[in-house]
Amino acid sequence: MKGREKIYGVVGLGKFGFHVARRLAEGGAEIIACDIDQERVRLISDYVTKAYTLDATEERALKESGIYTSDVVIVSIGENIEANTLVVMQLMDLGVREIIAKAVNELHGKLLQKLGVSRIIHPERDMAERLAHSLLVGGFLEEISLAPGYGIYEIKPSSRMLDKSLKDIDLRKRYGLTVLLIKRGENMIINPSGNEVILEGDILVVLGKGENLLKID
80 MKGREKIYGV VGLGKFGFHV ARRLAEGGAE IIACDIDQER VRLISDYVTK AYTLDATEER
140 ALKESGIYTS DVVIVSIGEN IEANTLVVMQ LMDLGVREII AKAVNELHGK LLQKLGVSRI
200 IHPERDMAER LAHSLLVGGF LEEISLAPGY GIYEIKPSSR MLDKSLKDID LRKRYGLTVL
260 LIKRGENMII NPSGNEVILE GDILVVLGKG ENLLKID
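In terms of my numbering, the sequence shown opens at residue 80 and continues consecutively.
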């Protein structure tokens with residue numbers, strides 16, 4: 080029997096929190112969202128399962144909203160480090176097992192790490208790194224971060240790769256990158272063999288260190 084779907088909580092509906100909540104909801108997830116700003120709550124209410132106007136620094140408000148019952152809670156309170164940290168601590172006290180928190184700066188990130196937050200997001204730094212990759216790496220399209228320095232990347236093959244097999248270009252040996260799949264029009268070639276030839280218009284989805292993308296010629 081299929082288990083129930085995860086419930087996600089989003090605390091703080093600034094630009095980052097709003098878009099996370101909306102994208103999760105559009106993906107079919109059940110969302111409980113909250114913010115102290117009534118207008119932000121009104122805007123997200125069309126997308127999420129439940130939306131509350133409340134002060135998340137108050138433990139009573141967290142309890143009454145039920146957001147602490149979520150499987151994963153994303154804390155996305157903007158520039159107020161004290162409020163952000165207080166909410167994280169109260170959610171932990173209420174038994175939330177997985178907390179993803181937006182760090183205001185590097186020092187705040189270290190504090191969240193010491194508290195035991197499951198995952199820490201640095202939106203500006205992460206976006207800057209992605210922009211740098213897109214500018215430095217020819218054909219860089221998209222990135223999914225897995226761990227510091229590692230990720231899954233969508234890239235356009237360089238002209239040197241076209242009409243050659245994966246075995247011939249040997250991205251794993253030369254750059255430490257594993258080709259997970261090839262997007263070819265509407266089709267996907269999953270776990271392609273070394274004999275698969277790269278064609279014009281193909282998109283490669285690779286796994287490895289981001290810095291190694293810079294070495295591809």
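Even for Gly, the Cβ is constructed at its ideal location relative to N, Cα and C. Keep in mind that this is a model prediction, so the values were computed, not measured.
#1: On the three-state DSSP scale, how would you describe V120?
#2: Under 6 Å Cβ to Cβ from I248, same chain only, skipping five residues before and after it: list those, please.
#3: Where does K87 sit, in a helix, a strand or coil, going by DSSP?
#4: Taking A180 and V151 to be in contact with their CB atoms under 8 Å, please state how far apart those CB atoms are, rounded to whole angstroms.
#5: Alpha carbon to alpha carbon, how far is D242 from E290?
#6: Of all Cβ atoms in chain B, is any one closer than 9 Å to the Cβ of I153?
#7: Are A130 and A112 close, meaning C-beta to C-beta below 9 Å?
#8: Using the rule of at least 16 other Cβ atoms within 10 Å of the residue's Cβ for burial, across every protein chain shown, is R119 buried or exposed?
#9: Please give me, in chain order, every unbroken run of the beta strand (DSSP E) with length at least 3 that falls completely inside the stretch 133–221.
#10: I'd like the list of long-range same chain contacts for N268, defined as Cβ closer than 7 Å, with 5 residues on each side in sequence excluded.
#11: For G96 and Y254, what's the separation of their Cα atoms in angstroms?
#12: In this structure, what does DSSP give as the bridge partners for I110?
#13: Based on the DSSP output, what are the partners of T257 in its beta bridges?
#14: Per DSSP, V276 is paired with what?
#15: Thinking C-beta only, is E109 closer than 9 Å to A132?
Judging by the given coordinates:
#1: As a first step, residue 120 is located in the sequence shown; it is residue number 41 there, counting from the start. In the three-state scheme derived from DSSP, where H, G and I count as helix and E and B as strand, V120 is classed as helix.
#2: For the purposes of this step, residue 248 is taken as the residue at position 169 of the sequence shown. Annotation for I248: M240 place their beta carbon closer than 6 Å to its own, counting only its chain and skipping 5 residues before and after.
#3: If you number the sequence shown from 1, residue 87 lands on position 8. Per the sequence presented here, residue 87 reads as Tyr, with Lys not at that position. In the structure shown, Y87 sits in a strand (DSSP, three-state: E or B).
#4: As a first step, residue 180 is located in the sequence shown; it is residue number 101 there, counting from the start. As a first step, residue 151 is located in the sequence shown; it is residue number 72 there, counting from the start. With a Cβ gap of about 11 Å, A180 and V151 do not count as contacting.
#5: Translated into the one-based positions of the sequence shown, residue 242 becomes position 163. Translated into the one-based positions of the sequence shown, residue 290 becomes position 211. A direct Cα-Cα distance of roughly 25 Å separates D242 from E290.
#6: In the structure shown, chain B does not exist; there is a single protein chain.
#7: Start at 1 with the first residue of the sequence shown, and residue 130 comes out as number 51. Start at 1 with the first residue of the sequence shown, and residue 112 comes out as number 33. Against a cut-off of 9 Å, the Cβ pair of A112 and A130 comes out as a contact.
#8: The sequence position of residue 119 within the sequence shown is 40, counting from 1. R119 should be labelled buried.
#9: Complete beta strand (DSSP E) runs here, min 3: 151–154, 177–181 and 198–200.
#10: Counting from 1 along the sequence shown, the entry for residue 268 is found at position 189. It should be noted that the sequence gives Ile, not Asn, for residue 268. The answer, listed in chain order, is L260, I261 and E275.
#11: On the sequence shown, position 17 is the one that residue 96 refers to. On the sequence shown, position 175 is the one that residue 254 refers to. C-alpha separation (whole angstroms): 36 Å.
#12: Mapped onto the sequence shown, residue 110 falls at position 31. In the DSSP assignment, I110 is bridged to Y87.
#13: Within the sequence shown, residue 257 is the residue found at index 178, counting from 1. T257 is bridged to L286.
#14: If you number the sequence shown from 1, residue 276 lands on position 197. Its beta-bridge partners are S244.
#15: Against the sequence shown, residue 132 aligns to sequence position 53. Against the sequence shown, residue 109 aligns to sequence position 30. First, the amino acid is wrong: residue 132 is Thr here, not Ala. Going by C-beta atoms, T132 is not nearer than 9 Å to E109.
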